[in-house]
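Report on the structure given below.
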Amino acid sequence: MTIHEVEEAGVLVLSPQGRIDSTTSSRLEQHLSTAAGQGHRRVVVDFSQVDYISSAGLRVMLSLAKRARDQQGRAVLFGMNDGVRQVFELAGFLALFTIAPARADAIQLAAV
Amino acid sequence: MALRLRIEPENGRPQEHVVEAADVVVGRQATAGLVLEDPSVSRQHARLVRHADGWWVEALSSTNPTHLNLAPLDKPTRLVPGDLLKMGTTQVRVLGAPAPAPAQVMPVGADGRDAARLEILNEVHRALATAISLPSLLDLILERCFSVLAPEEGIVLLRTPGGALEPAATRQLAGKTGDVFVSRRLIDEVAGKGRPALVMDAAIDERLLGSNSIIASGVRSVVAAPLADSDGPIGLIVLSSRAGVRQFTQHDLDLLVSLASAAALRVRNIALAEEAAARQVLERELAIAHDMQMSMLPKPMPDRADVAVAAILKPARSVGGDLYDYWIEGDRLWFIVADVAGKGVGAALYMAVAKALFRACAHGGVSLVEVAGRLNREIARDNETMLFVTAMFGTLSLATGEVEIVDAGHNPAVVIARGGLPHQPAIPKSVALGVVEDFEFTAGHFRLPSGGTLLLYTDGVTDARNAAGEMFGVDRLQTALANRSNGPAGLVSSVAAAVDAFVAGAPPEDDVTLLALCIP
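Protein sequences, first through last, are from chains A and B. Take our numbering: the final residue in the first sequence is number 609, and no numbers are missing along the way. Take our numbering: the final residue in the second sequence is number 564, and no numbers are missing along the way.
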């Protein structure tokens with residue numbers, strides 16, 4: 498799994514590619530905790546190139562949601578395919594995040 | 045009967061070669077039995093084969109022909125003394141029977157030092173073969189270095205699984221004390237670039253050897269060689285002395301490099317063997333953990349007239365994070381199927397915790413949503429590892445078939461009426477346990493008709509992948525349910541068998557759990 502990182506309008510946009518599962522999720526976690534360490538509180542995760550997310554991936558997303566809540570930050574997601582969206586939905590995780598319809602909206606929502 | 049040849053390169057000295065093996069490839073590649081260092085020769089140019097009637101030659105390369113007595117060789121041909129083979133620009137002349145083996149000639153080097161060096165290396169090879177553990181091997185390597193090269197201090201650094209180079213063995217001349225340090229720059233140069241180093245002063249780094257002893261000890265002479273095998277550098281050996289006591293030479297460095305390369309292979313082999321032994325211990329422990337985990341699952345329920353239960357749990361690794369449980373309290377049956385996020389030992393430990401929590405929280409007199417709330421608060425408390433548990437749990441009335449159930453972020457339940465098609469009962473969706481500390485859970489209610497079955501499962505079923513990366517999915521689950529065998533036991537085993545057939549031996553990525561409850 499590769500993860501692209503770009504900053505736009507004071508928002509960090511992370512674009513992981515491939516599967517976020519028990520083997521790859523630690524890399525996403527590393528990116529997110531490094532970003533937090535550098536003071537990024539507004540984060541967008543671009544799911545448009547994510548094929549699958551497992552419960553290990555959800556754990557990473559949970560830590561992102563908790564960090565955003567504890568630090569008055571923002572965590573906005575967009576671009577989920579049906580399968581990925583269903584995993585979030587099944588676990589009741591959609592309620593934890595702001596879900597944006599597209600990239601521009603996501604950045605705008607995170608920048609607020 | 046050996047074959048004696050005279051190799052005549054276009055530019056270069058002719059030399060004689062005796063072929064001993066019965067089947068030899070002639071070519072440019074280094075692994076050929078007879079190597080011809082000629083760019084116009086193919087990597088595998090021709091083949092020499094010994095038959096009962098003598099030696100035969102066969103062309104192997106279609107691009108670069110082999111000529112026999114100036115004619116292209118188009119089929120295997122028997123060789124006779126006097127034949128002239130031509131491969132590329134190299135001529136190979138077939139001679140008669142080999143001359144008697146020449147007496148062993150010692151390689152000649154400047155003042156015969158190469159011979160001594162070979163002897164030392166031979167001895168080291170033999171000695172290395174006797175070491176059985178990594179520490180004893182490293183000590184042995186340093187001991188050999190000391191006896192041959194007489195440094196004052198020596199150190200072996202090995203690469204850890206994390207990638208850092210750590211001291212693995214040190215040795216000092218008797219009477220010397222203090223830590224042996226090596227400069228980071230020297231390490232980078234030698235281990236990083238795989239280059240040996242011979243340094244004649246202390247300018248490299250003040251931490252070269254001993255934190256402050258360097259000033260007192262003055263200029264030092266240092267030799268360092270990488271420990272490298274075919275997979276790259278695995279570490280390095282560094283020897284040093286006060287320059288006034290001993291100054292290393294290029295010859296010393298050459299010898300150290302040879303010693304290091306002899307040692308490297310052995311280091312790798314022993315490291316692999318120790319790793320395998322450690323893995324065996326771990327596997328034994330995991331097997332014990334697996335047995336314990338399985339023993340925590342409820343025993344099959346004795347046959348009853350009012351309910352039938354069947355379950356399967358297949359851990360992905362030896363231990364996993366799935367669990368199921370059920371028990372009868374009065375006229376109702378408590379049940380749970382849950383999946384602790386993550387796999388392996390950590391998830392399995394928490395599986396045991398979650399199961400105990402559910403047993404402690406769930407009992408008569410407490411509403412199901414209160415059970416869910418307590419369970420959730422316990423798991424959410426101090427949840428620094430972001431652990432969460434998806435679960436489907438509740439009660440089944442044995443008298444009426446009424447089901448009260450909570451869906452805490454879990455895969456949908458399935459109800460199969462007798463002879464009917466499977467369908468998903470409407471159950472309010474709640475968040476997984478441990479995620480939101482003060483979450484208000486909502487329970488769902490429906491009646492399981494007589495002869496109906498309630499099936500609960502974990503995502504290990506629907507997310508099971510085959511070698512092509514496809515997932516089993518809900519549609520295949522529906523098909524498996526439609527083709528089920530009778531009874532709850534038949535149901536869970538049909539689905540498990542369908543998953544097995546689908547993944548077709550691909551290693552399981554997640555636990556597979558199925559629980560079926562049936563009102564006869």
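Glycine included, every Cβ here is placed at the ideal spot set by N, Cα and C.
The beta carbon of ARG524 of chain A sits closer than 7 Å to those of MET498, ILE500, all from its chain and outside the five residues before and after it, given in chain order. Taking the CA atoms as reference points, GLU414 of chain B sits about 39 Å from PRO513 of chain A. Closer than 7 Å to the CB of ALA315 of chain B there is not a single CB belonging to chain A.
For THR434 of chain B, the nearest CB of chain A lies under 7 Å from its own CB, placing it at the interface with that chain. In the same chain as LEU499 of chain B, and ignoring 5 residues on each side of it, the C-beta atoms closer than 6 Å to its own belong to VAL458, ALA560, in chain order.
By DSSP's assignment, SER494 of chain B forms no beta bridge with any residue.
Membership of LEU521 of chain B in the alpha helix (DSSP H) is indicated by the continuous run 517 to 526. Looking at the DSSP output, SER474 of chain B bridges to B:ALA452. Neighbourhood of ALA385 of chain B in chain A, by CB distance below 7 Å: SER552, ALA553, LEU555, ARG556, in chain order. When secondary structure is reduced to three states using DSSP, THR502 of chain B falls in the coil class, being assigned neither helix nor strand. In this structure, the straight-line span from the alpha carbon of LEU367 of chain B to that of GLY534 of chain B is close to 20 Å.
The alpha-carbon separation between ASP335 of chain B and PRO359 of chain B amounts to approximately 11 Å. Chain-ordered, the chain B residues with CB closer than 8 Å to the CB of GLY589 of chain A read ALA452, GLY453, LYS473, SER474, VAL475, ALA476, VAL479. For chain A, none of the residues of the region 390 to 414 of chain B brings a beta carbon within less than 8 Å of one of its beta carbons.
The beta-carbon distance between LEU587 of chain A and HIS454 of chain B, rounded to whole angstroms, is 7 Å. This is short enough to meet the 8 Å contact definition. Contact annotation for SER560 of chain A against chain B: MET430 [CB-CB distance below 7 Å, chain order]. The straight-line gap separating the alpha-carbon atoms of ALA306 of chain B and HIS61 of chain B is approximately 28 Å. Comparing alpha carbon positions, the residue from A:LEU606, A:ALA562, A:ARG582, A:PRO598 closest to MET430 of chain B is A:ALA562. Going by DSSP, GLU102 of chain B is part of the beta strand (DSSP E) stretching over 98 to 103. Under the three-state reduction of DSSP output, ARG161 of chain B falls in the helix class.
Of the other Cβ atoms in all chains shown, fewer than 16 fall within 10 Å of the Cβ of GLY464 of chain B; this residue is therefore exposed. DSSP, reduced to helix, strand and coil, places ARG538 of chain A outside both helices and strands of the structure shown, so it counts as coil. CA-CA distance, MET577 of chain A to SER545 of chain A, rounds to 6 Å. Within chain B, VAL475 have C-beta atoms less than 7 Å from the C-beta of ALA592 of chain A, given in sequence order. In this structure, the CA atom of LEU412 of chain B is about 18 Å from the CA atom of ALA443 of chain B. Each of A:VAL547, A:SER519, A:THR595 was checked against the Cα of GLY580 of chain A, and the nearest Cα belongs to A:VAL547.
With 16 or more neighbouring CB atoms inside 10 Å of its own CB, ILE550 of chain A falls in the buried class. Remark: fewer than three beta-carbon pairs, one from each stretch, lie closer than 8 Å, so the region 418 to 425 of chain B and the region 363 to 378 of chain B are not flagged as touching.
Straight-line spacing of the CA atoms in THR134 of chain B and VAL124 of chain B works out to 19 Å.
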